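Q:
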Amino acid sequence: MKDTLVTIVRNDELHARWLNTLSYLENVGARKISTCENDTTTDLVQLKHAAEEHRHAYYLKKQISKLAPSAFTCYESKDLFAPVFTKQYLQRLDLACCRQLAKHYRISGQRLKYAAYLFVTYAIEVRADELYPIYQEVLSELQSRIMVKSIIMEEEGHLEEMNHMLTLFDPEWNKQADSILAIEKELFTNWITAINAEIFSYEGISTAMA
Ligand SMILES: [Fe+2]
Ligand SMILES: [Fe+2]
Numbered sequence: 019m020k021d022t023l024v025t026i027v028r029n030d031e032l033h034a035r036w037l038n039t040l041s042y043l044e045n046v047g048a049r050k051i052s053t054c055e056n057d058t059t060t061d062l063v064q065l066k067h068a069a070e071e072h073r074h075a076y077y078l079k080k081q082i083s084k085l086a087p088s089a090f091t092c093y094e095s096k097d098l099f100a101p102v103f104t105k106q107y108l109q110r111l112d113l114a115c116c117r118q119l120a121k122h123y124r125i126s127g128q129r130l131k132y133a134a135y136l137f138v139t140y141a142i143e144v145r146a147d148e149l150y151p152i153y154q155e156v157l158s159e160l161q162s163r164i165m166v167k168s169i170i171m172e173e174e175g176h177l178e179e180m181n182h183m184l185t186l187f188d189p190e191w192n193k194q195a196d197s198i199l200a201i202e203k204e205l206f207t208n209w210i211t212a213i214n215a216e217i218f219s220y221e222g223i224s225t226a227m228a
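Sequential numbering from 19 applies to the sequence shown in the numbering used here.
In structure tokens:
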């Protein structure tokens, strides 16, 4: 993972594409949280979480101007790393999670939607708490103008909140979470593998042109 990020951060175009891809994922995550909000029971924690994920999407998108001022204005497939994997990551996780939770808890409708929100968000927060610190380490080592320290702080808070909310939902939530984390790990590995293949072909083209 760190090697991939070093290659990305060293090249402004790759780095801008990476920021756009992360921004896309943060935005999809934020929209999913908002979609799961209940008309009457949504509380401060959920509102804060949605607001912060939207801020992450905005912040990452804004950083692109430091590297490639006129590029990556939208989230078109051509402007994302591994667009198919990137777009499927959250959808597939959500689907697998719903399937598992419906079977285990025998729930459906609004209750299933809420349970999926808790477990999917938990898995994403675990990933964010691993990915962003490695990314920041690379940014610091390569003295990049980009920084993600404010995101790291907020993601740590989210993970604590999800732990708390999951305990209220089911004191035995850990058993379900473990298999959902395994599904997420597979999806993430596929995503990174696809990104590595793209970087390799990009580097190959650059070398051939040099
Ligand atoms: Fe985030
Ligand atoms: Fe988060």
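All residues carry an ideal CB built from backbone N, CA and C; glycine is no exception. Every value quoted in this text rests on a predicted model; they were computed, and no experiment measured them.
Using beta-carbon positions only, say whether glutamate 216 and alanine 89 come within less than 8 Å of one another.
A: To locate residue 216, count along the sequence shown from 1; it is residue 198. To locate residue 89, count along the sequence shown from 1; it is residue 71. No, the Cβ-Cβ distance between glutamate 216 and alanine 89 is not below 8 Å.
Q: Which residues are close to ligand 2, meaning CB closer than 6 Å to any heavy atom, in chain order?
A: Checking every Cβ against the heavy atoms of ligand 2 under 6 Å gives Glu71, Glu143, Ala146, Glu173 and His176.
Q: Under three-state DSSP, which class holds threonine 58?
A: Numbered from 1 along the sequence shown, position 40 holds the residue referred to as residue 58. Three-state result, threonine 58: coil.
Q: So leucine 6 and arginine 110 are supposed to be a Cβ contact under 8 Å. How far apart are they, rounded?
A: The first residue shown for the chain is 19 and the last is 228, placing residue 6 beyond what the model contains.
Q: If distances are taken between C-alpha atoms only, which option among Phe218, Ile169, Asn214 and Trp209 comes closest to phenylalanine 103?
A: Position 85 of the sequence shown, counted from the start, is the residue given in the question as residue 103. Selected option, being the one with the closest Cα: Trp209.
Q: Considering only residues of the same chain and omitting the five flanking positions on each side of leucine 85, which have a CB-CB separation below 6 Å?
A: Along the sequence shown, one-based indexing puts residue 85 at 67. Answer for leucine 85: Asp30, His33 and Ala34, listed in chain order.
Q: Any idea what DSSP makes of cysteine 115, helix, strand or coil?
A: The residue given as residue 115 occupies position 97 in the sequence shown. In the structure shown, cysteine 115 sits in a helix (DSSP, three-state: H, G or I).
Q: Hey, would you say isoleucine 82 sits closer than 8 Å to glutamine 64, going by beta carbons?
A: Taking the sequence shown and counting its residues from 1, the one referred to as residue 82 is at position 64. Taking the sequence shown and counting its residues from 1, the one referred to as residue 64 is at position 46. Result no, Cβ atoms of isoleucine 82 and glutamine 64 do not sit closer than 8 Å.
Q: In or out: glycine 47 buried (at least 16 other Cβ within 10 Å) or exposed?
A: As a first step, residue 47 is located in the sequence shown; it is residue number 29 there, counting from the start. Burial call: buried.
Q: Using alpha carbons as the reference points, say which of Met183, Gln161 and Leu186 lies closest to arginine 28.
A: The sequence position of residue 28 within the sequence shown is 10, counting from 1. Closest option to arginine 28, Cα to Cα, is Gln161.
Q: State yes or no: is the C-beta of valine 166 within less than 8 Å of the C-beta of tyrosine 153?
A: To locate residue 166, count along the sequence shown from 1; it is residue 148. To locate residue 153, count along the sequence shown from 1; it is residue 135. Going by C-beta atoms, valine 166 is nearer than 8 Å to tyrosine 153.
Q: Curious, which full-length beta strand (DSSP E) runs of at least 3 residues does the stretch 76 to 138 contain?
A: DSSP runs (the beta strand (DSSP E)) wholly in the stretch 76 to 138: none.
Q: Check for me: the alpha helix (DSSP H) holding serine 52 runs from which residue to which?
A: The sequence position of residue 52 within the sequence shown is 34, counting from 1. Serine 52 -> alpha helix (DSSP H) spans 30 to 53.
Q: For aspartate 188, name the three-state secondary structure that DSSP assigns.
A: If you number the sequence shown from 1, residue 188 lands on position 170. It is coil, neither helix nor strand.
Q: In its own chain, which residues sit with a C-beta less than 7 Å from the C-beta of alanine 226, not counting the 5 before and 5 after it?
A: Translated into positions along the sequence shown, residue 226 becomes position 208. Low confidence applies here, because alanine 226 scores a pLDDT of 46, under 50, leaving its location unreliable; read the following figure in that light. Excluding residues within five positions, none has a Cβ falling inside 7 Å.
Q: Looking only at its chain, what residues have a beta carbon closer than 7 Å to the beta carbon of isoleucine 142, apart from the 5 residues adjacent to it on each side?
A: Here residue 142 is taken as the residue at index 124 of the sequence shown, counted from 1. So the qualifying residues of the chain are Gly47.
Q: Measure from the alpha carbon of asparagine 94 to the alpha carbon of each residue in Leu113, Thr39 and Tyr107, then state which is nearest.
A: By one-based count along the sequence shown, residue 94 stands at place 76. It should be noted that the sequence gives glutamate, not asparagine, for residue 94. Comparing Cα positions, the closest option is Thr39.
Q: If I measure Cβ to Cβ from aspartate 57 and keep anything under 7 Å in the same chain, skipping five residues before and after, which residues do I get?
A: Here residue 57 is taken as the residue at index 39 of the sequence shown, counted from 1. Taken in chain order, the list of residues that qualify is empty.
Q: Does the beta-carbon of glutamate 44, which I'm using as the reference point, lie nearer than 7 Å to any heavy atom of ligand 1?
A: Working through the sequence shown from its first residue, we reach residue 44 at position 26. Yes - ligand 1 has a heavy atom lying nearer than 7 Å to the Cβ of glutamate 44.
Q: For my contact list, histidine 67 and histidine 176 are in at a C-beta cut-off of 8 Å; report their separation, rounded to the angstrom.
A: Looking up residue 67 in the sequence shown gives position 49. Looking up residue 176 in the sequence shown gives position 158. At roughly 6 Å, the Cβ-Cβ gap stays under 8 Å, so histidine 67 and histidine 176 are in contact.
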